[in-house]
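Visitor: Residues 24 to 93 in my numbering are what the sequence shown lists, from first letter to last.
Where is the CB? At the ideal position from N, CA and C, for every residue including glycine.
Please see the structure below; I have some questions.
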Amino acid sequence: MFRYDHGPRVVSNSRGAGLFRRTYEAMLGARERQARQVASRYILALDDVALDRLGYDRPTLEAQGYLHPL
């Protein structure tokens, strides 16, 4: 009798992650870096009082290195 299993299929790849997985992870990493850069520009545009109220410190944000010139 034929039995069809609907469970997840685990496929091992001895060479590591496949092409699509590596491409997806690289794209995800690039988008995360881009989002951090945009957020850092916005946050650093605020005045020091607003930064302090939100719990941020300007020198710490600048030291994180997410701010890149346009």
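Taking only the alpha-carbon atoms, compute the straight-line gap between GLU85 and GLY41 and give it to the nearest angstrom.
Guide: Here residue 85 is taken as the residue at index 62 of the sequence shown, counted from 1. Here residue 41 is taken as the residue at index 18 of the sequence shown, counted from 1. Distance between the alpha carbons of GLU85 and GLY41: 36 angstroms.
Visitor: Mapping the DSSP letters down to three states, classify ARG26 as helix, strand or coil.
Guide: Sequence index remark: in the sequence shown, residue 26 carries index 3 (1-based). Annotation note: pLDDT 46 at ARG26 (below 50); position unreliable, coordinate value reported separately. In the structure shown, ARG26 sits in coil (DSSP, three-state: anything other than H, G, I, E or B).
Visitor: Grab me the residues of MET24's own chain with a C-beta within less than 7 angstroms of its C-beta, minus the 5 sequence neighbours each way, in chain order.
Guide: To locate residue 24, count along the sequence shown from 1; it is residue 1. Because the pLDDT of MET24 is 43, which lies under 50, any placement of that residue in the model is unreliable, and the question is left without a value.
Visitor: Just checking my contact of ARG81 with LEU67 at CB under 8 angstroms: how many whole Å lie between their CB atoms?
Guide: Residue mapping note: residue 81 aligns to position 58 of the sequence shown, counting from 1. Residue mapping note: residue 67 aligns to position 44 of the sequence shown, counting from 1. About 7 angstroms separates the two Cβ atoms, so the contact holds.
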